[in-house]
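A.B. asks: No gaps in the numbering here: position 103 of the sequence shown is 103 in UniProt numbering, and each next residue is one more. Where a beta carbon is used, it is the ideal one built from N, C-alpha and C, also for glycine. Since this is a predicted model, take the numbers as computed values, not measurements. The structure's right below; bear with me while I get my questions together.
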Amino acid sequence: MPEQFKDMPYQPFSKGDRLGKISDWTGATFQDKKYTSKYQSQFGAGSQYAYYHEEDESSFHLVDTTRVQKPPYQRGRFRQNNRNMRGRGGNRGGYLQRPGDRKNQANVKKYGKQPMRNQKNQAPIKNRDASVTVRPDWNTIEEMDFPRLSKLSLPNVKEAED
1 MPEQFKDMPY QPFSKGDRLG KISDWTGATF QDKKYTSKYQ SQFGAGSQYA YYHEEDESSF
61 HLVDTTRVQK PPYQRGRFRQ NNRNMRGRGG NRGGYLQRPG DRKNQANVKK YGKQPMRNQK
121 NQAPIKNRDA SVTVRPDWNT IEEMDFPRLS KLSLPNVKEA ED
């Protein structure tokens with residue numbers, strides 16, 4: 001090995017390796033093990049990047065943050081199986097329960113999202129205070145409705161003076 005490359009880290013590679021996977025920081029990217037061998041190098045093993053900790057840290061504590069699964073009776077509303085009322089294939093064909101279901105199915109096909117069924121998913125309404133306090137001695141010159149305000153056409157307003 002030449003002297004200029006002595007302390008330089010080297011990763012063995014093969015020209016036949018697939019490009020496309022840059023790094024795998026977690027090591028558990030492919031849970032189903034379907035694509036594990038697709039991007040792995042066939043030439044050299046990656047043991048040179050394995051981390052070995054020599055010192056034992058007694059101050060380290062592992063905290064379990066997983067949620068405890070609720071029993072079925074606490075998971076929200078009990079849903080009945082209405083598959084037989086909708087015809088074959090579940091919700092795809094046959095009897096539709098609500099009149100808006102046909103329109104909602106069209107929206108799912110068109111936009112790829114389910115319609116909102118409840119108010120839980122909606123953002124809370126913000127109560128905004130007025131930025132200007134209206135004094136009682138002010139006179140009403142003109143009232144404007146929203147369509148006119150959106151067009152921003154004010155024929156009675158003169159040009160501003162400096």
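(1) Give the C-beta separation of Glu-142 and Asn-127 to the nearest angstrom, bearing in mind that I take them to be a contact with Cβ-Cβ under 8 Å.
(2) Counting C-beta neighbours from all protein chains within 10 Å, is the total for Arg-88 16 or more, i.e. buried, or is it exposed?
(3) How long is the line joining the alpha carbons of Ser-131 and Gln-122, rounded to whole angstroms?
(4) Which class does Glu-142 belong to by DSSP, given the choice of helix, strand or coil?
(5) Measure the alpha-carbon distance for Gly-93 versus Tyr-73 and round it to whole angstroms.
(6) Does Arg-62 come out as helix, strand or coil in the three-state DSSP assignment?
(7) What three-state label does DSSP hand Leu-149 in the structure shown?
(8) Output the distance between the C-alpha atoms of Thr-133 and Gln-69, rounded to the nearest integer angstrom.
(9) Excluding the 5 residues flanking Pro-136 on each side, which residues of the same chain have their C-beta closer than 6 Å to its C-beta?
C.D. replies: Answer, in terms of the structure:
(1) Against the sequence shown, residue 142 aligns to sequence position 142. Against the sequence shown, residue 127 aligns to sequence position 127. Not confirmed; about 27 Å, so no contact.
(2) For the purposes of this step, residue 88 is taken as residue 88 along the sequence shown, with counting starting at 1. Any reading at Arg-88 must be qualified, since the residue scores a pLDDT of 49, below 50, and its modelled position is unreliable; no value is offered.
(3) As a first step, residue 131 must be located in the sequence shown, where it is residue number 131. As a first step, residue 122 must be located in the sequence shown, where it is residue number 122. Each residue's alpha carbon lies about 26 Å from the other.
(4) Taking the first residue of the sequence shown as position 1, residue 142 is located at position 142. Of the three classes helix, strand and coil, the one that applies to Glu-142 here is coil, per DSSP.
(5) For the purposes of this step, residue 93 is identified with residue 93 of the sequence shown, where counting begins at 1. For the purposes of this step, residue 73 is identified with residue 73 of the sequence shown, where counting begins at 1. Note that Gly-93 scores a pLDDT of 48, beneath 50, so its modelled location is shaky and nothing firm can be said.
(6) Residue mapping note: residue 62 aligns to position 62 of the sequence shown, counting from 1. It should be pointed out that residue 62 corresponds to Leu in this sequence rather than to Arg. Of the three classes helix, strand and coil, the one that applies to Leu-62 here is coil, per DSSP.
(7) Counting from one through the sequence shown, the residue named residue 149 turns up at place 149. Here Leu-149 sits in helix by DSSP.
(8) Along the sequence shown, read from residue 1 onward, the residue named residue 133 stands at position 133. Along the sequence shown, read from residue 1 onward, the residue named residue 69 stands at position 69. Going from the Cα of Thr-133 to the Cα of Gln-69 covers about 52 Å.
(9) Taking the sequence shown and counting its residues from 1, the one referred to as residue 136 is at position 136. Hits under 6 Å: none found.
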